[in-house]
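One structure below.
Numbering (UniProt numbering), first residue to last: 1 to 332.
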C-alpha cells in the first residue's frame, strides 16, 4: 500500500490531526505538550468529531492511532472519559480497519460584528464584540445585574469582584452565551425552551434571551475569546473549560465556577443546553479541519454604512446581525 500523503493544517501549532483513509484531513486540535496538562479525553474527541463528521446511514466508525509511516493503523482509540488523548496522527476507519466514507458538515459558527466603542470603565477606545455594545434598554442592564448578583467573580479564572473598589467590575463583564444579535436563529431553534427562568418579560425579554441563564461573568479579555468561539465549556464533562487556541492562562481542564452551575436559585444557573450550543460552534470553527477563516466585520463602512453593507456578497447575513446588534434588546 502506498504511503498516505498527510496534509498539514493551516495552523502549524495544531498537533492532533485526524485523517480519513485517503489521507484527507478531517479534524484538528491543540493538545498541551505537557502530559499532566492534557484534558481532552477520547470520549470527548469522539463526541466532537460526531458533530462535524457525516457518514452514510448505519456506518460504524472508529478512530485509530496512525503509525509514523502514514500507512499502518495502530491501536484503536477507545471511547471513554478517562483516557487522555495525546498529540499525533489518527485515522477514521470501520471496525475492521477498512475504509469508511466520511465527509465534513458545511455548518459554520455564527459571525459577529466587531466595532470600536468608548469603554465605560476606562474612557478609552476599545475593540469589543457586538454583544458588548448592545445596551439600548433596561433588559441589558437587568441581565448584567442578575449575572453580577449570581457570580461573585470570573466563572473561568475565579478572579473575584474588587469589593471596596470604586469600580469593582472594572475587568469583569457579563457575557451572553447565545449572542443576542442572533435573535432569528434563537427563535428558529426554539432555544427559549432551555430557559427555566420564570422572571417576567420586562426583565428577560419576551424571548428570554436576557435571562441570566444565557450568561455568566467573565474577565474582559476572556469575554472576547468566548465571543470569538475560541474557548468554551463542556456541560457533558462536568462543565470542563475547553481551549481551542494557545492556552496562555492555563484554563483548559478547569471547571466552570459553581456559582454558575449551582446557584442558590436553581432557575438561575447557566443553561447547559446553551453552553453545549456554544461549544458546538467552537468545534465547528476550530476542530473542523481547515475551516474557512471568517472575515471580521469591522466598523469601517464610512458614512453610507448601509449602502456599503448592501454591496457586500454576504449582505443579507450582515444586515440581520447589524439589525439585532443595534436593536436586539428592544425586540427580544
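Just so it is clear, CB atoms sit at the ideal spot from N, CA and C, and this is done for glycine as well.
- [ ] Just confirm the distance between the C-beta atoms of residue 213 and residue 197, as a whole number of angstroms; I'd bet it's less than 8 Å.
- [x] Here residue 213 refers to the residue found at position 213 when the chain shown is read from its first residue. Here residue 197 refers to the residue found at position 197 when the chain shown is read from its first residue. Yes, they are in contact, since the Cβ atoms of residue 213 and residue 197 sit about 5 Å apart, within 8 Å.
Task: Beta-bridge pairing of residue 76 - partner residues as DSSP gives them - done: Taking the chain shown and counting its residues from 1, one reaches residue 76 at position 76. DSSP, once it has assigned bridges, lists 64 as partnering residue 76.
- [ ] For my contact list, residue 283 and residue 90 are in at a C-beta cut-off of 8 Å; report their separation, rounded to the angstrom.
- [x] For the purposes of this step, residue 283 is identified with residue 283 of the chain shown, where counting begins at 1. For the purposes of this step, residue 90 is identified with residue 90 of the chain shown, where counting begins at 1. At roughly 16 Å, the Cβ-Cβ gap does not stay under 8 Å, so residue 283 and residue 90 are not in contact.
Task: Residues near residue 208 in its chain [Cβ-Cβ closer than 7 Å; skip 5 each side] - done: As a working mapping, residue 208 is identified with position 208 in the chain shown. Answer for residue 208: 192, 195, 197, listed in chain order.
- [ ] Determine the DSSP secondary structure at residue 286, reduced to helix, strand or coil.
- [x] Numbered from 1 along the chain shown, position 286 holds the residue referred to as residue 286. Three-state DSSP puts residue 286 in a helix.
Task: Identity of the residues DSSP links to residue 232 by a beta bridge - done: Numbered from its first residue, the chain shown carries residue 232 at position 232. Answer by DSSP bridge pairing, in chain order: 242.
TODO: Could you check how far apart the C-beta atoms of residue 102 and residue 20 are, in whole angstroms? I think they sit under 8 Å.
DONE: Counted from its first residue, the chain shown places residue 102 at position 102. Counted from its first residue, the chain shown places residue 20 at position 20. Sure, about 5 Å apart at Cβ, within 8 Å.
Open item on the list: Excluding the 5 residues flanking residue 151 on each side, which residues of the same chain have their C-beta closer than 7 Å to its C-beta?
Closed with: Against the chain shown, residue 151 aligns to sequence position 151. 216, 217, 257, 259, 260, listed in sequence order.
Task: Pairwise C-alpha distance: residue 231 and residue 225 - done: The residue given as residue 225 occupies position 225 in the chain shown. The residue given as residue 231 occupies position 231 in the chain shown. Cα to Cα, the separation comes out at about 6 Å.
Open item on the list: When you compare the CB positions of residue 239 and residue 255, do they come within less than 8 Å of one another, or not?
Closed with: On the chain shown, residue 239 is found 239 positions in, with the first residue counted as 1. On the chain shown, residue 255 is found 255 positions in, with the first residue counted as 1. Yes.
Task: residue 175 - containing beta strand (DSSP E), residue span - done: Locating residue 175 in the chain shown gives position 175, where the first residue counts as 1. Note, residue 175: beta strand (DSSP E), 172 to 176.
Task: Start-to-end residues for the beta strand (DSSP E) that takes in residue 89 - done: By 1-based counting over the chain shown, the position of residue 89 is 89. Note, residue 89: beta strand (DSSP E), 88 to 93.
TODO: Using beta-carbon positions only, say whether residue 156 and residue 222 come within less than 8 Å of one another.
DONE: Within the chain shown, the letter at position 156 stands for residue 156. Within the chain shown, the letter at position 222 stands for residue 222. The answer is yes: Cβ separation under 8 Å.
Task: Of the residues 267, 243, 276, the one placed nearest residue 14, counting alpha carbons only - done: Within the chain shown, the letter at position 14 stands for residue 14. Comparing Cα positions, the closest option is 243.
Open item on the list: Looking at the secondary structure, which residues open and close the alpha helix (DSSP H) in which residue 220 lies?
Closed with: Taking the chain shown and counting its residues from 1, the one referred to as residue 220 is at position 220. Here the alpha helix (DSSP H) through residue 220 covers 220 to 227.
Open item on the list: Distance check for residue 204 and residue 36, CA to CA, integer angstroms please.
Closed with: On the chain shown, position 36 is the one that residue 36 refers to. On the chain shown, position 204 is the one that residue 204 refers to. Approximately 42 Å between the Cα atoms of the pair.
Open item on the list: Once the 5 residues before and after residue 52 are set aside, which same chain residues still bring their CB inside 7 Å of it?
Closed with: Indexing the chain shown from 1 puts residue 52 at position 52. 27, 104, 105, 283, 284, 287, 288.
- [ ] Please report how far the alpha carbon of residue 5 lies from the alpha carbon of residue 24, in whole angstroms.
- [x] Counting from one through the chain shown, the residue named residue 5 turns up at place 5. Counting from one through the chain shown, the residue named residue 24 turns up at place 24. Rounded to whole angstroms, residue 5 to residue 24 spans 8 Å at the Cα level.
Open item on the list: Looking at the secondary structure, which residues open and close the beta strand (DSSP E) in which residue 18 lies?
Closed with: Against the chain shown, residue 18 aligns to sequence position 18. First-last of the beta strand (DSSP E) with residue 18: 16 to 19.
Open item on the list: Quick check: what's the CA-CA separation for residue 116 versus residue 281?
Closed with: Start at 1 with the first residue of the chain shown, and residue 116 comes out as number 116. Start at 1 with the first residue of the chain shown, and residue 281 comes out as number 281. Residue placement at residue 116 is flagged as unreliable, the pLDDT there being 37, under the threshold of 50; a coordinate-derived value is accordingly withheld.
Task: Euclidean distance between Cα positions of residue 264 and residue 236 - done: The count along the chain shown starts at 1 and reaches residue 264 at position 264. The count along the chain shown starts at 1 and reaches residue 236 at position 236. Residue 264 and residue 236: Cα-Cα distance of roughly 22 Å.
Open item on the list: By the three-class DSSP mapping on this structure, what secondary structure does residue 180 have?
Closed with: Taking the chain shown and counting its residues from 1, the one referred to as residue 180 is at position 180. It is helical.
Open item on the list: On a Cα-Cα basis, can you pick out the residue from 81, 164, 70 that is closest to residue 8?
Closed with: For the purposes of this step, residue 8 is taken as residue 8 along the chain shown, with counting starting at 1. Among 81, 164, 70, the Cα nearest to that of residue 8 belongs to 70.
TODO: Please check the pair residue 77 and residue 64, which I expect to be a contact at CB under 8 Å, by giving their CB distance rounded to whole angstroms.
DONE: Start at 1 with the first residue of the chain shown, and residue 77 comes out as number 77. Start at 1 with the first residue of the chain shown, and residue 64 comes out as number 64. With a Cβ gap of about 7 Å, residue 77 and residue 64 count as contacting.
TODO: Evaluate residue 336 with the Cβ neighbour count: other Cβ atoms within 10 Å of its Cβ, from every protein chain shown; 16 or more gives buried, anything less gives exposed.
DONE: Nothing can be reported for residue 336: it is not among the residues displayed for the chain, which extend from 1 to 332.
TODO: Tell me whether residue 270 is buried or exposed, calling it buried when 16 or more other Cβ atoms sit within 10 Å of its Cβ.
DONE: Counting from 1 along the chain shown, the entry for residue 270 is found at position 270. Buried, because 16 or more other Cβ atoms sit within 10 Å of the Cβ of residue 270.
Open item on the list: Between the alpha carbons of residue 99 and residue 62, how many angstroms are there, rounded?
Closed with: Against the chain shown, residue 99 aligns to sequence position 99. Against the chain shown, residue 62 aligns to sequence position 62. Going from the Cα of residue 99 to the Cα of residue 62 covers about 11 Å.
- [ ] Given a cut-off of 8 Å, decide if residue 29 and residue 109 are closer than it, judged by their beta-carbon atoms.
- [x] In the chain shown, counting from the first residue as 1, residue 109 sits at position 109. In the chain shown, counting from the first residue as 1, residue 29 sits at position 29. Their beta carbons are not under 8 Å apart, which means residue 109 does not touch residue 29 by this criterion.
TODO: Just mark residue 268 as buried or exposed, buried being the case when its beta carbon has 16 or more other beta carbons within 10 Å.
DONE: Within the chain shown, numbered from 1, the residue matching residue 268 stands at position 268. Flag for residue 268 reads buried.
- [ ] Counting only the same chain and skipping the five closest in sequence on each side, list residues whose C-beta sits under 8 Å from that of residue 60.
- [x] Along the chain shown, read from residue 1 onward, the residue named residue 60 stands at position 60. Once the five neighbours on either side are set aside, the close Cβ partners of residue 60 are 94, 95, 100.
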